[in-house]
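Reviewing the structure listed below.
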Amino acid sequence: GSVIIGAGTGLTAAESVLRELFWRKRQKQRVPKYAWFIWSCQRVDDLLWAWQSLHKLLFGAVKDGILRPGKKWSEESLMMDWLGIYFYVSRADKERLNNFREKNFAIDSDDEEDDMETGSTIRRKGKSGGNTKKSKETLKRMGIKDLVSDTQKDELLARKIHTWMGNKRRLFLGSMDDPEYHVEKLFAWSRLFVDVKAGKHKRLASCFCGPPGLAHTLDRAARKVGNGAMQFSADHQ
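First residue of the sequence shown? That's 62 in the numbering used here, and the numbers climb one at a time after it.
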């Protein structure tokens, strides 16, 4: 398993690692069986900075069959297939953060979207995109069916993904060292998840892109998971 963490100016680098993971999975290259993406910022404005980009990335992955949530998947689900996502917003206004959760992020058919094949940016003119056999099967498993048009399906899928991302079990009003949401709990849970799903003693590694101060917090948290139970590395930004 792999835990990818981004904070501050390191967010872009962390997102690039996640995109690379998606690309490799599409190419059927060897990748971690399970992954978690953790993103830390200070305010809602910071959250908005890259939320739409991540939302589109997940939307495209579901449409292309890279992520395949099942029929039982809901906004309360801890994982979307093999991927878990968590957000820490340390200094946000509570009311504004709740308003953000309720906002709908639709995928405009004329919007620019990232090409999973080349990593370049493409535009889809009047098409929902990614409507392959895998995509249809995935949408059916998620209960998205019998709608009038592909556009309606896309809108519902986009809304479900945004609601899942913004659920209180994933979007925290607090910092990574906040006792209620301490990142150590996420590390311990990811270790337990891998043990149950893949077998004990399977490798679990975490990588961090961000400020050195936070790296120390994450390093201590990884060590507390257990002796050698989680490998940690940092790229200071």
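In this text, a Cβ means the ideal position worked out from N, Cα and C, and glycines have one as well. Bear in mind the structure is a predicted one, so any value in this text is a computation, not a measurement.
- Message: Looking at the secondary structure, which residues open and close the alpha helix (DSSP H) in which A74 lies?
- Response: Position 13 of the sequence shown, counted from the first residue, corresponds to residue 74. Boundaries of the alpha helix (DSSP H) harbouring A74: 72-87, taken from the DSSP string.
- Message: Per DSSP, what are the beta-bridge partners of A68 in this structure?
- Response: By one-based count along the sequence shown, residue 68 stands at place 7. Beta-bridge partners of A68 (DSSP): S101.
- Shortest alpha-carbon distance to L265 belongs to which of P272, P273, F254? By one-based count along the sequence shown, residue 265 stands at place 204. Taking the Cα of L265 as reference, the smallest distance to any Cα among P272, P273, F254 is reached at F254.
- When we look at the beta-carbon of R184 and count the other beta-carbons within 10 Å, is it buried (16 or more) or exposed? What you label residue 184 is simply residue 123 of the sequence shown in a count that begins at 1. Bear in mind that the predicted position of R184 carries a pLDDT of just 34, short of 50, making it unreliable; the figure below should be weighed with that in mind. By the 10 Å Cβ count, R184 comes out exposed.
- Query: Roughly how many angstroms separate the alpha carbons of A111 and Y242, rounded to a whole number?
  - Reply: Within the sequence shown, residue 111 is the residue found at index 50, counting from 1. Within the sequence shown, residue 242 is the residue found at index 181, counting from 1. About 22 Å.
- Item | Beta-bridge pairing of V150 - partner residues as DSSP gives them | Looking up residue 150 in the sequence shown gives position 89. For V150, which the question treats as bridged, DSSP gives the partners C102, L234.
- Does the beta carbon of V244 fall short of 7 Å from some heavy atom of the ligand NAD? No copy of the ligand NAD occurs in the structure displayed, which carries no ligand at all.
- From what residue to what residue does the beta strand (DSSP E) around G271 run? Within the sequence shown, numbered from 1, the residue matching residue 271 stands at position 210. Run containing G271: 266-271, per the beta strand (DSSP E) assignment.
- Query: Which value, in whole angstroms, describes the spacing of the CA atoms of V105 and E137?
  - Reply: Walking along the sequence shown from the start, residue 105 turns up at place 44. Walking along the sequence shown from the start, residue 137 turns up at place 76. Just so you know, the alpha carbons of V105 and E137 end up roughly 22 Å apart.
- Whose C-beta lies closer than 8 Å to the C-beta of N192 among residues of the same chain, with five residues either side of it excluded? By one-based count along the sequence shown, residue 192 stands at place 131. Annotation note: pLDDT 47 at N192 (below 50); position unreliable, no value reported.
- Expected contact under 8 Å - CB spacing of A96 and L139 to nearest Å: Here residue 96 refers to the residue found at position 35 of the sequence shown. Here residue 139 refers to the residue found at position 78 of the sequence shown. With 8 Å as the limit, A96 and L139 do not qualify as a contact, their Cβ atoms being about 13 Å apart.
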